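Student: Under full-length UniProt numbering, the sequence shown has 111 at position 111, and the numbering climbs by one with no breaks.
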Amino acid sequence: MTKKQTTVPDSSVGMDRPNVLLVVLDAVRPDHLSTYGYGRKTDPFLSTLAENSLVFENAFANSNWTPTSHAALFTGRLPSETGVYGDTLTIPENYPTIPERLSSAGYRTFGTAAGVHIRSGRGFERGFDAFHETFRIRPSARFLRRALADSEAVKQLVYSLVRGHDNYTYYKTERLKRWIGTDPGDDPFFAFVNFKTAHHPYDPPRPYKSLFSDVDRPPIDVIELLAEKLGREPQSLPEGDIDRVRRISQEYPLIADTIDPTDEELATVKAWYDGAIRYMDDRVADIVGHLREHGLLENTCVVVTADHGEQFGDHGLGKHRYSLYDELLRVPLVVRLPERTDIQASAEGQSKDGTPVGKSVTRRSEMVSLIDLFPTIVNLAKAEFECPRFAEDLFSATDHEYLFAEVGRKPASPVRRHHTEFTDTPQNGPLQSVRDDSWKLIRRADDTQELYNWREDTDETTDLAATSSEVDRLASVLESSVTPLGDRIYDETVSDERLQRQLEDMGYL
1 MTKKQTTVPD SSVGMDRPNV LLVVLDAVRP DHLSTYGYGR KTDPFLSTLA
51 ENSLVFENAF ANSNWTPTSH AALFTGRLPS ETGVYGDTLT IPENYPTIPE
101 RLSSAGYRTF GTAAGVHIRS GRGFERGFDA FHETFRIRPS ARFLRRALAD
151 SEAVKQLVYS LVRGHDNYTY YKTERLKRWI GTDPGDDPFF AFVNFKTAHH
201 PYDPPRPYKS LFSDVDRPPI DVIELLAEKL GREPQSLPEG DIDRVRRISQ
251 EYPLIADTID PTDEELATVK AWYDGAIRYM DDRVADIVGH LREHGLLENT
301 CVVVTADHGE QFGDHGLGKH RYSLYDELLR VPLVVRLPER TDIQASAEGQ
351 SKDGTPVGKS VTRRSEMVSL IDLFPTIVNL AKAEFECPRF AEDLFSATDH
401 EYLFAEVGRK PASPVRRHHT EFTDTPQNGP LQSVRDDSWK LIRRADDTQE
451 LYNWREDTDE TTDLAATSSE VDRLASVLES SVTPLGDRIY DETVSDERLQ
501 RQLEDMGYL
């Protein structure tokens, strides 16, 4: 544990290399961000930041859920390259990660766990000087003594009691702010935070849950019951069932096809989700404001993205359990470069349409991938590395010819726990996809395929696999480029009871 100090780093320190802040907004779709044209003001701060940043309009994740997507981001490699999929969610030691590369180059490094999946023992902690795992909080006397000595933990407890649980987003924010001012030395920093407030069951703290909806029902039935006993009128929907809304947000009725939701029911769930995004946007503003207050923002590269999207009935599915459709793969990506001229100059290049790449260009339409963050960040830090096969520096003159996404097989038990008749879905893995600048092919383990013109058919509603010659071409690219995924199935076996409960609550077991 690093020693707490009240000082902050000198803003002139490490001016030849920028600080890097990497923020992952877990499960956030870009089409629910005003930065990307959404009608609701879910992200006023990010929209302002984007005015002086690069906004990538066609950024895609390399998998559809947290552990495999983060492993790809951290290493710059696909799941089939690292083997991180199915029942193997640990990054092999022979694949260096972003924090390892930057730590070796003299950076101070800070990271947070992302729920129960991005945790120590799986390789995600490698290279971090400080790595905070909120899931390890246990209800014990020993923990209570330690927690009371931790001012950020006390603040989080009070915050949760007064305003509601936020999946430790407030705690992570305060931890990072304190760390920035701890033992500054002469080195730049790399900080990674994952905010999970928008993860199902979409339960942001007050007043955010009711920011875009009049319905603010607690997710726990007993709280609603007690509120009614104390005189509060039960909430209702004119054209929906509040209990069905709770089930949609917590369980898997859309996947199991046990609920045909009304428009109002889905709108309520989306409003809660949007409120969670607004809450996280405020926390990002808090961190960036802290950097600005202490003169650090000028030399800091700020990257805001997501690890995957979310489904609200799209393709008959919910949450982010199955499929490789773009409501799960398309992610926001906003990169604010340091304000120093030489850092901007190092990022200059040209996209394939001849447009100069640099801070003067705010919107970019070429397709990019989360694995591109590995060479991009490591290059900005002037650290040594071997560029992964499929990754490209976002500021290089080379654009992708193809992008790939993959996901292994997942068990049906989390869905079946609440919906006993459910067996499986064709959209379960293993799945692999390849896209070029216009077309996208999805291939299942049984070799059945789907083809979409993703530029024109953005919702992927018209499968052209039976009529287009593009199928054979992209299938050949897929076969010659990536290794087929095995049929290994994700099966989380843990001895920690609290970790077990969190996995169950999040729908993974």
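All residues carry an ideal CB built from backbone N, CA and C; glycine is no exception.
Small disclaimer: the values here were computed from a predicted structure and weren't measured.
Please state whether the Cβ-Cβ distance between Gly309 and His320 is less than 8 Å.
Tutor: yes
Student: Name the two residues that bound the continuous beta strand (DSSP E) containing Arg443.
Tutor: 439-444
Student: Could you tell me the distance, in whole angstroms, from the CA atom of Leu22 to the CA atom of Val334?
Tutor: 10 Å
Student: Under a three-way DSSP split, which group does Thr300 fall into?
Tutor: strand
Student: Which residue comes first and which comes last in the beta strand (DSSP E) that contains Phe74?
Tutor: Counting along the chain, Phe74 sits inside no beta strand (DSSP E); it lies in the alpha helix (DSSP H) bounded by residues 66-75.
Student: Opposite Lys319 in the DSSP bridges: which residues?
Tutor: The partner list for Lys319 (beta bridge, DSSP) reads Gln311.
Student: Going by C-alpha to C-alpha distance, which of Val24, Asn94, Gly106 sits closest to Leu73?
Tutor: The shortest C-alpha separation from Leu73 is found at Val24.
Student: Rounded to the nearest angstrom, what separates Asn428 and Pro484 at their Cα positions?
Tutor: 15 Å
Student: Whole angstroms is fine: what's the gap from Ser360's alpha carbon to Ile489's?
Tutor: Residue placement at Ser360 cannot be trusted, given a pLDDT of 47 that sits under 50; what the coordinates show is reported in the next sentence. If you take the alpha carbons of Ser360 and Ile489, they lie about 46 Å apart.
Student: Could you pull out every unbroken alpha helix (DSSP H) segment of at least 4 residues lying fully inside the segment 171-223, listed in chain order?
Tutor: none
Student: Closer than 6 Å by C-beta to Phe143: which residues in its own chain qualify, once you throw out the five before and the five after it? Chain order, please.
Tutor: Summary for Phe143: the model assigns pLDDT 49, below 50, so the residue's position carries little reliability, and this model does not support an answer.
Student: If you follow the beta strand (DSSP E) that Leu451 is in, where does it begin and where does it stop?
Tutor: The continuous beta strand (DSSP E) containing Leu451 extends over residues 449-453.
Student: Considering just the uninterrupted stretch of the beta strand (DSSP E) at Val24, what are its terminal residues?
Tutor: 19-25
Student: I'd like the list of long-range same chain contacts for Leu464, defined as Cβ closer than 6 Å, with 5 residues on each side in sequence excluded.
Tutor: Leu451
Student: Could you name the residues of the same chain whose beta carbon sits closer than 7 Å to that of Ser80, not counting the 5 residues immediately before and after it, in chain order?
Tutor: Glu406, Val482, Thr483, Leu485
Student: Looking only at DSSP bridge pairs, what is Gln432 linked to?
Tutor: Glu406, Arg443
Student: Can you give the Cα-Cα distance for Asp286 and Pro388, rounded to whole angstroms?
Tutor: 34 Å
Student: Specify whether the segment 126-133 and the segment 91-100 touch according to this definition: at least 3 beta carbon pairs, one from each stretch, less than 8 Å apart.
Tutor: Taking 8 Å as the limit for Cβ pairs, the verdict is that the segment 91-100 does touch the segment 126-133.
Student: First and last residue of the alpha helix (DSSP H) that includes Arg101?
Tutor: 98-104
Student: How far does the alpha helix (DSSP H) with Phe45 in it extend, from its first residue to its last?
Tutor: 44-50
Student: Look up Thr134 in the DSSP assignment and say whether it is helix, strand or coil.
Tutor: helix
Student: Compare the C-alpha of Ser34 against each of Arg278, Trp439, Asn453 and name the closest.
Tutor: Nearest in C-alpha terms to Ser34, of all of Arg278, Trp439, Asn453, is Arg278.
Student: Below 8 Å on the Cβ atoms is my contact criterion, and I expect Asn194 with Asp26 to pass it. Report the Cβ-Cβ distance as a whole number of Å.
Tutor: 6 Å
Student: Take the Cβ of Lys270 as the centre, count every other Cβ of all protein chains shown within 10 Å, and call the residue buried at 16 or more, exposed below.
Tutor: Looking at its Cβ environment, which holds 16 or more other Cβ atoms inside 10 Å, Lys270 is buried.
Student: With a threshold of 6 Å on Cβ separation, who are the neighbours of Val8 within its own chain once the five nearest residues in sequence on each side are excluded?
Tutor: Here Val8 scores only 37 on pLDDT, less than 50, and its place in the model should not be relied on; the value that follows carries that caveat. These residues qualify, in order along the chain: Gly181, His294.
Student: Answer with buried or exposed for Phe131, where buried requires no fewer than 16 other C-beta atoms within 10 angstroms of its C-beta.
Tutor: That one is buried.
Student: Do you know offhand how far Thr425's Cα is from Val471's?
Tutor: Thr425 and Val471 have their C-alpha atoms some 23 Å from each other.
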